[in-house]
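S.K.: Sharing a structure, written as structure tokens. Questions coming.
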Amino acid sequence: MTKDTSQSEPPVPPVLHCAGRLLSLERPVVMGILNVTPDSFSDGGRYPTVDLALARAEQMAAEGAAIIDIGGESTRPGAAPVSTEEELRRVLPVVERAAARLSAIVCVDTSNPELMRRAEASGAAMINDVRAARRPGALEALADGRMALCLMHMQGDPASMQLEPHYRDALQEVGEFLGARVRACREAGIAAERLCIDPGFGFGKLLRHNLQLLAGLARLAQIGPPLLVGVSRKSLVATLLAQAGAAAGRAPHERLAGSLALASIAVLRGARIVRAHDVAATVDAVRIAGLLAADAAAPCAAADACADGG
Ligand code: 7PJ
21 MTKDTSQSEP PVPPVLHCAG RLLSLERPVV MGILNVTPDS FSDGGRYPTV DLALARAEQM
81 AAEGAAIIDI GGESTRPGAA PVSTEEELRR VLPVVERAAA RLSAIVCVDT SNPELMRRAE
141 ASGAAMINDV RAARRPGALE ALADGRMALC LMHMQGDPAS MQLEPHYRDA LQEVGEFLGA
201 RVRACREAGI AAERLCIDPG FGFGKLLRHN LQLLAGLARL AQIGPPLLVG VSRKSLVATL
261 LAQAGAAAGR APHERLAGSL ALASIAVLRG ARIVRAHDVA ATVDAVRIAG LLAADAAAPC
321 AAADACADGG
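Residue 36 in the numbering used here sits at position 16 of the sequence shown, and the numbers go up by one each step.
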């Protein structure tokens with residue numbers, strides 16, 4: 021799963037091709053989360069009308085989100101499935117208006133091939149698929165268009181994924197899965213420049229699996245496509261805080277500082293896109309981590325580039 025890095029060509033800065041637009045990932049970017057669901061774990065039901073959802077999308081774009089990820093199906097553990105008709109009804113009006121109004125990339129969080137096709141026609145430039153384009157018809161729908169695609173790893177399905185996750189070697193297996201999905205996309209005719217990959221923190225993973233993936237992120241980044249990471253407000257944050265001695269359990273809205281710590285670590289280990297609820301704070305954290313990550317790759321670049329005000 022590693023590629024040959026023995027030749028000392030300078031690495032090409034990654035650029036994601038999003039339906040005819042180019043998203044530079046030379047510096048890491050933030051993908052803001054917009055759930056238009058009644059039942060997502062930390063912000064479900066907050067944007068019940070198109071106007072409220074659009075206002076939230078505009079706010080996240082103003083705070084510096086390069087991508088707005090609009091989802092109409094909750095994938096929290098145990099969530100009930102949603103019909104195609106209902107998912108289209110929740111998502112498409114928001115996509116249409118956000119794409120017309122914002123310069124940020126509009127992304128749709130879906131596994132549904134019909135919504136993928138309709139989303140592109142409505143102005144979406146990216147699909148975020150937690151099932152990594154495994155639903156019948158998904159690869160074909162994506163190959164027929166030009167949107168970017170995030171391939172995420174999940175063991176099992178949302179209904180049962182946290183019941184009994186099991187791995188021989190989580191890093192190895194997630195890496196092999198992502199590599200295989202990248203190959204499936206390439207064979208279906210989806211250009212490499214359209215792809216990014218994501219280990220799927222919390223999706224069929226216990227704490228030790230999440231930690232193995234976090235420790236091995238730099239290896240996943242070597243697979244090739246840019247790495248996307250989502251840790252925002254996840255129970256992983258609360259579990260780690262408890263393990264580290266925090267006195268009280270943290271509810272989702274109390275996990276910002278912990279989420280920023282993990283997002284920064286992910287960027288230092290090669291993540292190029294960070295998916296987050298709290299855009300303004302995450303943009304700042306990722307800016308600093310991105311500067312220092314670039315510095316680790318080319319020592320002193322950050323210091324040389326700085327006007328020295330302390
Ligand atoms: C992720 C996601 C993630 C990608 C969710 C939540 C749960 N998509 N969708 N990566 N998580 N690509 O927002 O916490 O980690 S839903």
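In this text, a Cβ means the ideal position worked out from N, Cα and C, and glycines have one as well. Since the model is a prediction, treat every value here as computed from it, not as a measurement.
Less than 7 Å between C-beta atoms, sequence neighbours within five positions excluded: which residues of the same chain meet that for R14?
M.R.: Residue coverage of the chain in this structure runs from 21 to 330, which leaves residue 14 outside it and unanswerable.
S.K.: Check whether the Cβ of R307 lies closer than 8 Å to any Cβ atom in chain B.
M.R.: You won't find chain B in this structure, because it holds only one protein chain.
S.K.: State buried or exposed for V32, treating a residue as buried only when at least 16 other CB atoms are found within 10 Å of its CB.
M.R.: The residue is exposed, with fewer than 16 neighbouring Cβ atoms inside 10 Å.
S.K.: Where are the alpha helix (DSSP H) runs, 4 residues long or more, that stay fully inside the region 139-186, in chain order?
M.R.: The qualifying runs are 158-163.
S.K.: Based on Cα-Cα distance, which residue from L288, V102, V35 and A82 lies nearest to P58?
M.R.: Taking only the C-alpha atoms, the option nearest P58 is V102.
S.K.: Look at the Cβ atom of A200, then the Cβ atom of R206, and state whether they are nearer than 8 Å.
M.R.: The answer is no: Cβ separation not under 8 Å.
S.K.: Is the CB-CB distance between G92 and R121 below 8 Å?
M.R.: It is not a contact, given that the beta carbons lie outside the stated cut-off.
S.K.: Let me know the alpha helix (DSSP H) ranges lying completely inside the region 245-284, each 4 residues or longer, listed in chain order.
M.R.: The region 245-284 contains these whole alpha helix (DSSP H) runs: 255-263.
S.K.: Can you list, in chain order, the residues of its chain whose CB lies under 6 Å from that of D89, leaving out five sequence neighbours each side?
M.R.: Taken in chain order, the residues that qualify are M51, I53, C127, D129 and N148.
S.K.: Assign G310 to buried or exposed, taking buried as 16 or more other Cβ atoms, counted over all protein chains shown, within 10 Å of its Cβ.
M.R.: Looking at its Cβ environment, which holds 16 or more other Cβ atoms inside 10 Å, G310 is buried.
S.K.: Give me, in chain order, the residues of the same chain whose beta-carbon lies closer than 6 Å to that of S142; leave out the 5 immediate sequence neighbours on both sides.
M.R.: Excluding residues within five positions, the ones whose Cβ falls inside 6 Å are L112, V115 and E116.
S.K.: Which one or two residues does DSSP pair with V43 in a beta bridge?
M.R.: At residue 43 the sequence reads Leu, which differs from the Val that was named. L36, per the DSSP bridge assignment.
S.K.: Relative to the alpha-carbon of R214, which residue among G84, C170, Q175 and A119 has its alpha-carbon at the smallest distance?
M.R.: Considering only alpha carbons, the answer is C170.
S.K.: In whole angstroms, what is the alpha-carbon distance linking V35 and G244?
M.R.: Approximately 12 Å, taken between the alpha carbons.
S.K.: Could you tell me how far apart the beta carbons of G290 and A238 are, in whole angstroms, since I believe they sit closer than 8 Å?
M.R.: Right, the Cβ-Cβ distance comes to about 5 Å (below 8 Å), so this counts as a contact.
S.K.: I need the straight-line Cα distance from T25 to I87, nearest angstrom please.
M.R.: Model confidence at T25 stands at a pLDDT of 48, short of 50, so the residue's coordinates are unreliable; what they give is reported in the following sentence. Using only the alpha carbons, I get a separation of about 30 Å.
S.K.: Pull the bridge partners of G290 from the DSSP assignment, please.
M.R.: None, per the DSSP bridge assignment.
S.K.: At which residues does the alpha helix (DSSP H) containing D129 begin and terminate?
M.R.: Here D129 belongs to no alpha helix (DSSP H); instead the beta strand (DSSP E) covers I125 to D129.
S.K.: Specify the secondary structure class of N132 as computed by DSSP and reduced to three states.
M.R.: Three-state DSSP puts N132 in coil, outside helix and strand.
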